[in-house]
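S.K.:
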Amino acid sequence: MTQEEKVKLLQAKVVSMVYKKCWRHMGEMKNIEESELLQELDYVFKKLGRKITVDLTKRITPSISASQGLILNILEERGPKKVSELAEELEITLPSITTLADKLVAQGYVERKKSDKDRRIVYLFITEEGKDLWNEIRDERRKRLQKYYDALSEEDIRHLIRIYNIILASLEDADRKR
């Protein structure tokens with residue numbers, strides 16, 4: 001996965017996780033300024049995440065959803081996956097991944113194949129048509145992301161990535177402690 005793709009995926013996850021966790025912890029905060037800062041951070045994260053997701057979805061993947069695009073990305077980069085593995089990686093339910101996969105199969109971007117060893121296990125494979133679509137999406141996405149971040153210096157982008165990684169590590173640590 002490229003750095004740009006990591007940033008996009010991270011943004012989506014962080015927006016969702018930070019929103020939930022910040023509001024939970026705000027009740028515990030005693031400092032009003034900190035609370036206001038977290039509210040502003042929450043607002044900016046949500047707005048940024050929404051705008052980028054809507055823009056990328058409308059301009060890049062009108063025929064598939066952002067989640068379906070993530071499935072194509074994973075299958076293209078890492079090869080065939082069990083449906084259950086994809087659900088876990090994308091943090092969605094099996095019925096949801098099945099619905100997403102059904103649409104990709106119907107469009108000819110993905111194929112289902114049962115395991116030779118255990119017929120109950122189903123793998124998803126990306127088709128040549130799916131690879132072509134993903135390559136178009138990836139290239140257009142890079143162009144769009146470049147436009148989003150043109151106002152930032154390389155140093156700013158590195159700093160932003162470092163901050164996102166700190167937040168992500170904190171969220172993952174909190175998840176492990178549950």
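Numbered according to UniProt numbering, the sequence shown spans residues 1 to 178.
Ideal placement from N, C-alpha and C gives every residue a C-beta, glycine not left out.
Since the structure is predicted, the reported quantities are computational estimates derived from the model, not experimental observations.
If you reduce the DSSP assignment to three classes, tell me which class Y123 lands in.
M.R.: Along the sequence shown, read from residue 1 onward, the residue named residue 123 stands at position 123. If DSSP states are grouped into helix, strand and coil, Y123 belongs with the strands.
S.K.: Rounded to the nearest angstrom, how far is the Cβ of L56 from that of R144, given a contact under 8 Å?
M.R.: Taking the sequence shown and counting its residues from 1, one reaches residue 56 at position 56. Taking the sequence shown and counting its residues from 1, one reaches residue 144 at position 144. L56 to R144, Cβ: 6 Å. Contact.
S.K.: Rounding to the nearest angstrom, what Cα-Cα distance links W134 and I166 in this structure?
M.R.: Position 134 of the sequence shown holds residue 134. Position 166 of the sequence shown holds residue 166. Their Cα atoms are separated by approximately 29 Å.
S.K.: I need the boundaries of the beta strand (DSSP E) containing R112, first residue and last residue.
M.R.: The residue you call residue 112 lines up with position 112 of the sequence shown. That run of the beta strand (DSSP E) goes 110-114.
S.K.: Can you tell me whether K81 is helix, strand or coil according to DSSP?
M.R.: The residue you call residue 81 lines up with position 81 of the sequence shown. Here K81 sits in strand by DSSP.
S.K.: Starting from E154 and walking both ways along the alpha helix (DSSP H), at which residues does that stretch end?
M.R.: Mapped onto the sequence shown, residue 154 falls at position 154. E154 -> alpha helix (DSSP H) spans 154-177.
S.K.: For the segment 71-88 and the segment 113-133, state whether three or more C-beta atom pairs, one from each stretch, are separated by less than 8 Å.
M.R.: Output reads yes: the segment 113-133 touches the segment 71-88.
S.K.: Let me confirm a value: Q68 is counted as buried when at least 16 other C-beta atoms fall within 10 Å, else exposed. Which label applies?
M.R.: Counting from one through the sequence shown, the residue named residue 68 turns up at place 68. With 16 or more Cβ atoms within 10 Å of its Cβ, Q68 is classed as buried.
S.K.: Grouping DSSP H, G and I as helix and E and B as strand, with all else coil, what is D139?
M.R.: In the sequence shown, the residue the question calls residue 139 occupies position 139. It is helical.
S.K.: Considering just the uninterrupted stretch of the alpha helix (DSSP H) at K117, what are its terminal residues?
M.R.: On the sequence shown, residue 117 is found 117 positions in, with the first residue counted as 1. Per DSSP, K117 belongs to no alpha helix (DSSP H) and is neither H nor E.
S.K.: Taking the straight line between their C-alpha atoms, what separation do you get for D42 and K114?
M.R.: In the sequence shown, counting from the first residue as 1, residue 42 sits at position 42. In the sequence shown, counting from the first residue as 1, residue 114 sits at position 114. Going by the C-alpha atoms only, they are around 43 Å apart.
S.K.: Does the separation of the CB atoms of A87 and I97 fall below 9 Å?
M.R.: Within the sequence shown, residue 87 is the residue found at index 87, counting from 1. Within the sequence shown, residue 97 is the residue found at index 97, counting from 1. Against a cut-off of 9 Å, the Cβ pair of I97 and A87 comes out as a contact.
S.K.: Excluding the 5 residues flanking M29 on each side, which residues of the same chain have their C-beta closer than 6 Å to its C-beta?
M.R.: Residue numbering aside, residue 29 sits at position 29 when the sequence shown is read from its first letter. With a pLDDT of 49 at M29, under the threshold of 50, the modelled position of that residue is not reliable, and the figure given next carries that caveat. Excluding residues within five positions, the ones whose Cβ falls inside 6 Å are S35.
S.K.: Specify, as a first and last residue, the run of the alpha helix (DSSP H) that S96 falls within.
M.R.: By one-based count along the sequence shown, residue 96 stands at place 96. Unbroken alpha helix (DSSP H) run through S96: 94-106.
S.K.: With 9 Å set as the bound, which would you pick, yes or no: does the beta-carbon of S115 sit closer than that to a beta-carbon of chain C?
M.R.: The structure shown has no chain C; it contains just one protein chain.
S.K.: What number of angstroms, rounded off, separates the C-alpha of D175 from the C-alpha of R112?
M.R.: One-based indexing of the sequence shown puts residue 175 at position 175. One-based indexing of the sequence shown puts residue 112 at position 112. Rounded to the nearest angstrom, the two C-alpha atoms are 32 Å apart.
S.K.: Which value, in whole angstroms, describes the spacing of the CA atoms of V105 and T53?
M.R.: Position 105 of the sequence shown, counted from the start, is the residue given in the question as residue 105. Position 53 of the sequence shown, counted from the start, is the residue given in the question as residue 53. Each residue's alpha carbon lies about 23 Å from the other.
S.K.: Going by DSSP in three states, E76 sits in which element: helix, strand or coil?
M.R.: By one-based count along the sequence shown, residue 76 stands at place 76. Residue state, collapsed to three classes: helix.
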